[in-house]
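Residue 25 is where the sequence shown starts when you use the UniProt record's numbering, and the numbers rise one by one after that. Note that the Cβ used here is the ideal one computed from N, Cα and C, for glycine as well.
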Amino acid sequence: DVAEPEDHSMDGMAMGHDHHEPDLNHSTGENELKLPPILKSDKETEDEIHYTVDAQKGQTEIFDGYQTDTLGYNSSFLGPVLKVKKGQTVHINTKNSLDEDTTFHWHGLVIAGAADGGPHSVIKPGESKEITFKVDQGAATLWFHPHPLGNTAEQVFNGLAGLFYIEDDEADQLDLPNEYGKNDFPLIIQDKTFDEEKQLNFTEVKDEDGMMGDTLLVNGTVNPSLTIGKEKVRLRLLNGSNMRNYVFKLSNDQAFTQIASDGGLLNEPIELKELQLTPSERAEIVVDFSKLQDTDQLALLTGEDTVVLPFNVKEERTGGDNVNIPKQMNSIAVTDEEKSMKVTKEIVLDGMAEDVTINGKKLDIDRIDFTQKKGEVEVWEIYNKPDEMGGMIHPFHIHGTQFKVISINDELPPENLRGYKDTVSLDSGDRVKLAVRFDEPGIFMYHCHILEHEDNGMMGQVKVE
Ligand code: C2O
Ligand code: CU
Ligand code: CU
25 DVAEPEDHSM DGMAMGHDHH EPDLNHSTGE NELKLPPILK SDKETEDEIH YTVDAQKGQT
85 EIFDGYQTDT LGYNSSFLGP VLKVKKGQTV HINTKNSLDE DTTFHWHGLV IAGAADGGPH
145 SVIKPGESKE ITFKVDQGAA TLWFHPHPLG NTAEQVFNGL AGLFYIEDDE ADQLDLPNEY
205 GKNDFPLIIQ DKTFDEEKQL NFTEVKDEDG MMGDTLLVNG TVNPSLTIGK EKVRLRLLNG
265 SNMRNYVFKL SNDQAFTQIA SDGGLLNEPI ELKELQLTPS ERAEIVVDFS KLQDTDQLAL
325 LTGEDTVVLP FNVKEERTGG DNVNIPKQMN SIAVTDEEKS MKVTKEIVLD GMAEDVTING
385 KKLDIDRIDF TQKKGEVEVW EIYNKPDEMG GMIHPFHIHG TQFKVISIND ELPPENLRGY
445 KDTVSLDSGD RVKLAVRFDE PGIFMYHCHI LEHEDNGMMG QVKVE
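Encoded structure:
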């Protein structure tokens, strides 16, 4: 008989496995949240935009009085926000100033394999490469990170991660908070472990099932707090952690409104009190601070009571008029045809730690696991096979596409998973059907987004032509 899968959803992971699970420290709120700068383009016209993104190493004062060795894009730690508009042709000069190989992966972008920055697209230290692609998808909060074969977890852990915003005219028309740093804030949420000298010693904390840290950083800020006005505020959440899952809620149990998932705006705003994000998933939520008193203490929590981000609410609004979230924001639907399609790709996620596999195999970079025709929808069925110890959550990600979730265990997905997704989390024993279409050709990776699982070969390749 099969062991009951445990509830992994709360407070990181509660697994039946021998896994190091440090508790997260509470934010004491003493540092104002840092915001990534919006990257200045090298050149922009109506139809084209040019950027330079430089992976570099440096030192960062994360803790007062300590210099931590870190990696970053165009800075010593993390990266800037790249903003592009739907319809634009984007040129990015990607530059490797590290002393190791890296790649530049644009997570969530529907672009050709040649520009996607998977493990094939190595850039050697000191070299650079220009990539070009056209943005043909709607407004969304995407991100970018390295993807070198077997070395993704460490590079991300050490700081390589940045945000990629797509904007479009229709979304701009909607009455949503959209003033960056005023009523619209990115929150890159990552857990890290620092040694006594406040260094990130990845090899010392390495865990084959994924590094879980005890120190939470939001946008690279330790003990952050965010000052906001009494108004509706948009928070763009990214779980940028190697393996930790978060279940976000507000400390006063107030509901919030999810407006977007990985691939952009949901059809309609969804009221929630709790929201789970597994590694690489994004969600945009709107929190209404307008009814709070100055004396109210409000914080974003994960799990039962871990403070992620306390808010300082001040009287004046900074974001102009208070918004009215529209009832309809997008129109995404699984079609009847898609619902009746047969499963043509079956994916079984299995194992733990070094033994993780997909369909019983580890990645072979010289093997193409599947092929699919460009522009055609296929139904992929993903199954997370439980093991005798209960198994664990695997966040399953596909490059080069934004897919739709048809069903989870034969039921309709919850409303906040009915928008475009590029990562779907599967509890142990879950079976998920996806409607997957690639609009561009190339070789695309699909994998578990626990970065150590990816590095351990829990990854495959689909060739699209
Ligand atoms: Cu976030 Cu293979 O990617
Ligand atoms: Cu990706
Ligand atoms: Cu996994």
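Under 8 Å between C-beta atoms of residue i and residue j
i           : j      : result
Gly481      : Tyr470 : no
Val310      : Phe280 : yes
Val460      : Val448 : no
Arg455      : Glu412 : no
Leu184      : Tyr97  : yes
residue 491 : Thr118 : Because the chain is modelled from 25 through 489, residue 491 falls outside the range shown and cannot be assessed.
Asp320      : Gly399 : no
Gly234      : Glu476 : yes
Gly466      : Asp192 : no
Ile417      : Leu450 : yes
Leu290      : Arg442 : yes
residue 495 : Asp215 : In the structure as shown, the chain begins at 25 and stops at 489. Residue 495 is therefore absent and cannot be evaluated.
Leu301      : Phe335 : no
residue 498 : Ile213 : Nothing can be reported for residue 498, as the shown portion of the chain is limited to 25 through 489.
Gln80       : Leu122 : yes
Asn49       : Leu322 : no
Phe427      : Gly137 : no
His129      : Phe168 : yes
residue 23  : Gln112 : Residue 23 lies beyond the residue range present for the chain, which begins at 25 and ends at 489; the question has no answer from this structure.
Lys385      : Asp312 : no
Cutoff 6 Å; reference residue i; Cβ partners in own chain excluding five residues on either side
i      : result
Leu211 : Val242, Leu259, Leu261
Ile116 : Tyr75, Val77, Ile155
Gln161 : Val134
Phe209 : Leu259
Asp479 : Gly174, Thr176, Ala177
His473 : Pro303, Ser304, Pro419, His421, Thr447
Ala357 : none
Ser265 : Gln214, Asp215, Pro303
Glu340 : Gly253
Buried or exposed (CB count within 10 angstroms, at least 16 for buried), residue i
i      : result
Asn207 : buried
Ala164 : buried
Ile389 : exposed
Leu436 : exposed
Asn408 : buried
Ser249 : buried
Ala307 : buried
Thr217 : buried
Val367 : exposed
Gly186 : buried
Gln282 : buried
His32  : Because the pLDDT at His32 is just 42, under 50, the model does not fix this residue reliably, and the point stays unresolved.
Pro60  : buried
Thr425 : buried
Gly288 : buried
Lys148 : exposed
Asp434 : exposed
Identity of the residues DSSP links to residue i by a beta bridge
i           : result
Gly96       : Gln80, Leu102
Lys148      : Partner(s): none; Lys148 has no beta bridge.
Phe168      : Trp130, Gly186
Ile73       : Glu68, Val114
Phe335      : Leu250, Leu322
Phe87       : Partner(s): none; Phe87 has no beta bridge.
residue 507 : Only positions 25 to 489 of the chain appear in the structure, and residue 507 is not among them; the question remains open.
Same chain, Cβ closer than 7 Å to residue i, neighbours up to 5 away in sequence not counted
i         : result
Asn182    : Thr94, Leu95, Leu224, Phe226
Asp393    : Gly484, Gln485, Val486
Leu173    : Pro143, Ile389
Lys351    : Glu292
Ile432    : Asp454, Val456
Gly375    : Thr381
Lys338    : Thr251, Gly253
Val146    : Asp125, Thr127, Pro172
Gln396    : Glu402, Phe462, Val486, Val488
Leu324    : Phe272, Leu274, Val332, Leu333
Lys297    : Lys273, Asp277, Ala279
residue 5 : This structure leaves residue 5 out entirely; the chain is present only between 25 and 489.
Close Cβ partners of residue i (< 8 Å) along its chain, the five nearest in sequence each way excluded
i      : result
Glu28  : With a pLDDT of 45 at Glu28, under the threshold of 50, the predicted position of this residue should be treated as unreliable, though the coordinate-derived value follows. So the qualifying residues of the chain are Gly414.
Ser65  : Ile73, His74, Tyr75
Asn55  : Thr245, Val246, Asn247, Pro248, Ser249
Asp199 : Val347, Asn348, Ile349, Pro350
Met365 : Val401, Glu402, Val403, Ala459
Near ligand 5: residue i beta-carbon under 7 Å from a heavy atom
i      : result
His144 : No copy of ligand 5 occurs in the structure displayed; its ligands are ligand 1, ligand 2 and ligand 3 alone.
**Message:** Runs of 3 residues minimum, wholly inside the stretch 241-327: which ones carry the beta strand (DSSP E) assignment?
**Reply:** 248-253, 256-263, 270-274, 280-285, 288-296, 299-301, 306-312, 322-326
**Request:** Note down, one range per segment and in chain order, each alpha helix (DSSP H) of at least 4 residues found wholly within the stretch 176-231.
**Result:** You should have 176-181, 193-197, 226-229.
**Contiguous beta strand (DSSP E) assignments of at least 3 residues, all confined to the UniProt domain "Plastocyanin-like" (375-489)** = Runs found: 394-396, 402-408, 418-422, 428-432, 447-450, 455-460, 466-472, 483-488.
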